[in-house]
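Remarks on the structure that follows.
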Amino acid sequence: GILMDRELTMRNQVNSVCQSTFYYLKNISRIRKFLTRSATESLIHALISSRLDYGNSLLTGIPSFLIKRLQSVQNAAAHVIFKRSKFDHITPLLMELHWLPVHCRIRFKVLVLVYKALHGLAPSYLRDLIQVYTPSRSLRSSDDLLLRIPRSRLVSCGDRSFSCTAPRLWNSLPRDVRLSSSLSAFKSSLKRSEEHTS
3 GILMDRELTM
13 RNQVNSVCQS
23 TFYYLKNISR
33 IRKFLTRSAT
43 ESLIHALISS
53 RLDYGNSLLT
63 GIPSFLIKRL
73 QSVQNAAAHV
83 IFKRSKFDHI
93 TPLLMELHWL
103 PVHCRIRFKV
113 LVLVYKALHG
123 LAPSYLRDLI
133 QVYTPSRSLR
143 SSDDLLLRIP
153 RSRLVSCGDR
163 SFSCTAPRLW
173 NSLPRDVRLS
183 SSLSAFKSSL
193 KRSEEHTS
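Using our numbering, read the sequence shown as starting at 3 and increasing by one per residue.
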């Protein structure tokens, strides 16, 4: 269900997601006055958020104008839930819904995959793409669960690959988040961290 192009710009995928989600949003907005907020949120989650999040780890490093297009979908969804005009400020609405912005959701997905890979909760092929950094001599950072960042030959695509992007994002996390004791604890700490940086 992911549309790829030769240059891996992901433009076709973003266009497809925006087209389908705006179609559903238009229909939901038509019946919004008959729905409770809770019912509207459930519809938005099922028909909009699920499409924004599907395969979104592949969108790492795409141009900002494509991220903005996806963000406009999320903004429109929040406006529908709160029955607000598209001109109303969006940040308070997203905060009340506890929604991370699209670029943070992408980063969140990649980092959850890394945590799962490091703890045997993901397919082995993902684990094979990352390598724990082991210093040549004993250092204070030895127990920080840092990852080795490989060199990439292709800036356009290579730097966006999981094996390059994942270690960079992982190493930028606070130590206590990286060393979370469980997946649920990691997700909670990561979301709080992303909310502070978004």
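In this text, a Cβ means the ideal position worked out from N, Cα and C, and glycines have one as well.
This structure is a prediction, so every number in the text was calculated from the model and none was measured.
Presumed contact (8 Å Cβ cut-off) between Asn-17 and Asp-7, rounded CB distance: The pair is not a contact, with the Cβ atoms about 10 Å apart (cut-off 8 Å).
Neighbourhood of Arg-34 by C-beta distance below 7 Å, restricted to the same chain and skipping five residues each side: Thr-42, Val-82, Lys-85
Leu-49 to Pro-103 span [Cα, whole Å]: Using only the alpha carbons, I get a separation of about 17 Å.
Three-state secondary structure assigned by DSSP to Ile-5: The identity of residue 5 in the sequence shown is Leu, whereas the question assumes Ile. Leu-5 falls in the coil class under three-state DSSP.
For Leu-99, three-class secondary structure by DSSP: helix
Sub-7 Å separation of Val-179 and Ser-190 beta-carbons: no
Cβ-based neighbour list, Arg-150, same chain, cut-off 6 Å, excluding 5 preceding and 5 following: The answer, listed in chain order, is Gln-133, Tyr-135.
Alpha-carbon to alpha-carbon, Ser-59 and Leu-1: With the chain covering 3 to 200 only, the question about residue 1 has no answer from this structure.
Short Cβ contact (7 Å threshold) for Ser-154 with Asp-146: no
Helix, strand or coil at Leu-149 according to DSSP, with G and I counted as helix: strand
Backbone CA spacing between Ser-165 and Pro-152 [nearest angstrom]: 7 Å
Nearest-angstrom Cβ-Cβ length linking Ala-80 and Ile-92, presumed shorter than 8 Å: 6 Å
Beta-carbon proximity of Leu-128 to Ala-119, cut-off 7 Å: yes
Neighbourhood of Lys-111 by C-beta distance below 8 Å, restricted to the same chain and skipping five residues each side: Asp-55, Asn-58, Ser-59
Spatial distance of Ala-168 from Ser-174 (CA atoms): As the crow flies, the alpha-carbon of Ala-168 is around 10 Å from that of Ser-174.
Terminal residues of the alpha helix (DSSP H) in which Gln-73 lies: 66 to 84
Spatial distance of Arg-109 from Phe-36 (CA atoms): 36 Å
Cut-off 6 Å between Cβ atoms - residues of its own chain near Val-19, not counting five sequence neighbours on either side: Arg-53
Residue burial classification, Thr-38 (beta-carbon count within 10 angstroms, cutoff 16): exposed
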